[in-house]
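What follows is one structure encoded as structure tokens, with my remarks underneath.
Protein chains: 2
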Amino acid sequence: MALLLHSTPERREIWGRVFAEAGELFFATEAEVTDPEEVTHIACWIPPNDLSRYPNLSAVIGVGAGTDHMPPLPEGVALSRTVAPGIEAMVRDWVVLAVLALHRDLPLYLDQATRGEWVTHKTRLARTRRVGIMGMGRIGTLVAQTLGAMDFEVLGWSRAAKAIDGVETFGGDDLDGFLSRSDILVGLLPLTDDTRGILDDRLFARLPRGAGLVQAGRGAQMDMEALRRALNGGQLLAAMLDVTDPEPLPPDHWAWADPRVIVTPHIGAQTDAEEGAQHALAVIRAGREGAPLPGLVDRARGY
Amino acid sequence: MALLLHSTPERREIWGRVFAEAGELFFATEAEVTDPEEVTHIACWIPPNDLSRYPNLSAVIGVGAGTDHMPPLPEGVALSRTVAPGIEAMVRDWVVLAVLALHRDLPLYLDQATRGEWVTHKTRLARTRRVGIMGMGRIGTLVAQTLGAMDFEVLGWSRAAKAIDGVETFGGDDLDGFLSRSDILVGLLPLTDDTRGILDDRLFARLPRGAGLVQAGRGAQMDMEALRRALNGGQLLAAMLDVTDPEPLPPDHWAWADPRVIVTPHIGAQTDAEEGAQHALAVIRAGREGAPLPGLVDRARGY
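Order-wise, the sequence lines are chains A and B.
At position 179 of the first sequence the residue is numbered 179 (this note's numbering), and the sequence of numbers has no breaks.
At position 203 of the second sequence the residue is numbered 506 (this note's numbering), and the sequence of numbers has no breaks.
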């Protein structure tokens, strides 16, 4: 059994050390592979083009938080996405930053600052602001806990409603009830056939007038022109986006220049190399022991 | 016993209702006062000029979070600052926003956005970032708890070191030890003779190189030119300020235009009118019962 890493030079060094310490066989590049039959695991963002070279491949391990970009894998090859506390905490940090930025009117104050305007606006208590989280997986739950501890009223929506302490949760069939009470909507959904393009004119129209949008899911979930229409019509007051359509956002895209929109270049999560390597080791060990693979992706469901 | 409110029309209405419901005597303006001898309490940001008009005045109640701007009061008149969970939570929210903004390089990404640049930089885990809080009163403690729950390493400095769960605390004589370990320094001190001008060249020089600064104390605590020098020399990477010197910051001040600095116009806390009125009622009742006054300020100490 051996793992082939298909990634950046910086990661190679850290993974090499972690695997050496664990006594597991490791190839830092495809060129290093002497006997392709040894390769049972490949860790990558996008796999090498020709996987038929590796007849004993049992699992591909995605090194990011999502795996929607993964091509179909050969029959019998499992897909695992990296489960790392660091990724989840990083996305949580970005989302809490974004929710607080909208809650405290940062886009408005940044716009005033360009003109040197010292003008204050009324501040609301967090407990009067309802934050609706779309996608209540591990990250959504973490966000809900942090915002709940800061006194926000937190609502959660997911395909199957979940019971989470202190969070009012909604199931897939009650999207309208959820949206109508979300003063700030947080997108944390995985990209699937069901969620592609979900953030559109129709969805924005169901939010309370003057709502805020925080999007940390996937770019293809949002119609950027629908966002522009919702902002221009006053249905949305402001938005903070870490994912866009397309990515990268072209330099002349309207969203960069719109004072109501803050764009960051998909920085929500970066897998810590050490944590990523530890996850890969856990996948290898689980395979050897016949235990369930950590982070196993249901490709029919999409996450 | 009666309370005279010396404040804005908007507050008058809410205070009037709260006092009516409590059955306490209330004057919404000085003009409404028919018998000045009835006035035992005055609630205000700055008191009326001539307090000698009110011979039975027992306490002045400051409606903001600080009272450093209050003039000397007549002998025997106590000063109470509004203690309201809402004020504390609002400042906490702003400080957490600012710490996250610096932690996640928001000034850098906002600057890139002005040029439509989609360029990512390495993200750090919160647990690798040390946040040093200067001023561990009620707000500082709340900030420490929230940031600690988000995995930041939290340090606290106050005149007398305090024991707070999960926070490494330093006393007044160990400022150097505290500063040398603060990757992000948070200013939450009250304004006193000891803290006036405390954020100067000498203090910035003791921080780790490339530190961030969050300032939510009082404008007069910082030498703005020292901040500029620390930024230009690379000792500080970025700063987020809610208080400045002077206030308001003039439209042509360098800080507005500096991409490394985010300025908000002293919006950290606004006393919720309802909470402010409830605090005033608590002061009146404590006086009547001979109990300790809520929010009593030690004017020699300054807070």
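For each residue, glycine too, the CB sits at the ideal point set by N, CA and C.
Keep in mind the model is a prediction, meaning the values are calculated, not measured.
Pairwise C-beta distances place the stretch 540-555 of chain B out of contact with the stretch 345-354 of chain B, as fewer than three of them are shorter than 8 Å.
D200(A) sits close to A226(A), with the two beta carbons spaced by under 7 Å. Per DSSP, I133(A) lies in no alpha helix (DSSP H) segment; the continuous beta strand (DSSP E) that holds it begins and ends at R130 to M134. Contact between L488(B) and M437(B) holds, with the beta-carbon distance rounding to 7 Å and staying under 8 Å. Look at P71(A): its C-beta is not under 7 Å from any C-beta on chain B. For a Cβ distance threshold of 8 Å, residue set A89, R92, D93, V96 and T146 of chain A lies close to M453(B), ordered along the chain. Along the length of the stretch 50-74 of chain A, whole alpha helix (DSSP H) runs at least 4 residues long do not occur. A Cβ-Cβ contact shorter than 7 Å links S383(B) with L599(B).
A direct Cα-Cα distance of roughly 39 Å separates D486(B) from A230(A). Legend: CB atoms of the stretch 267-279 of chain A lying less than 7 Å from CB atoms of chain B belong to residues I267, Q270 and D272. L191(A) is positioned such that its CB atom lies no closer than 7 Å to that of R159(A). Only buried fits G132(A), as 16 or more other CB atoms lie within 10 angstroms of its CB. In the structure shown, H253(A) falls within a coil segment according to DSSP collapsed to helix, strand and coil. If you draw a 10 Å sphere on the C-beta of T82(A), you find 16 or more other C-beta atoms in it, and that means buried. DSSP places G536(B) in the coil class of the three-state scheme, outside both helix and strand. The continuous alpha helix (DSSP H) containing H103(A) extends over residues P85 to H103. DSSP places V154(A) in the strand class (E or B) of the three-state scheme.
Exposed is the label assigned to G166(A), since fewer than 16 other Cβ atoms lie within 10 Å of its Cβ. Rounded to the nearest angstrom, the gap between the Cα atoms of R588(B) and K465(B) is 31 Å. Within the same chain, G490, L492, L494, T498, R499, G500, I501 and L502 come within 7 Å of Q524(B) by CB-CB distance, once the 5 residues on both sides are set aside. Straight-line spacing of the CA atoms in Q270(A) and I87(A) works out to 6 Å. The three-state reading of DSSP puts E324(B) in helix, counting H, G and I together. Straight through space, the alpha carbons of F152(A) and G571(B) are spaced by roughly 17 Å.
Counting only the Cα atoms, W256(A) lies some 28 Å from D272(A). In the three-state reduction of the DSSP assignment, E341(B) falls in the helix class, which pools H, G and I. With contacts defined as CB atoms closer than 7 Å, A238(A) and L102(A) qualify as a contacting pair. The CB of L227(A) never comes closer than 7 Å to any CB in chain B; the least such distance is about 16 Å. The beta-carbon separation of F329(B) and A305(B), rounded to 7 Å, stays under the 8 Å limit for a contact.
Around D555(B), the beta-carbon contacts reaching into chain A at under 7 Å are G116. Between G116(A) and P595(B), the gap from beta carbon to beta carbon reaches 7 Å or more.
Its Cα nearest to that of G605(B), the residue P374(B) stands out among L308(B), P374(B), I565(B) and T337(B).
Listed in chain order, the beta strand (DSSP E) runs fully inside the stretch 257-301 of chain A are 261-263, counting runs of at least 3 residues. Membership of Q215(A) in the beta strand (DSSP E) is indicated by the continuous run A211 to Q215.
In the displayed model, M224(A) falls within a helix according to three-state DSSP.
Note: H424(B) is not bridge-paired with any residue in the DSSP secondary-structure output. Taking the Cβ atoms as the reference, T423(B) lies roughly 7 Å from H266(A), within the contact range of under 8 Å.
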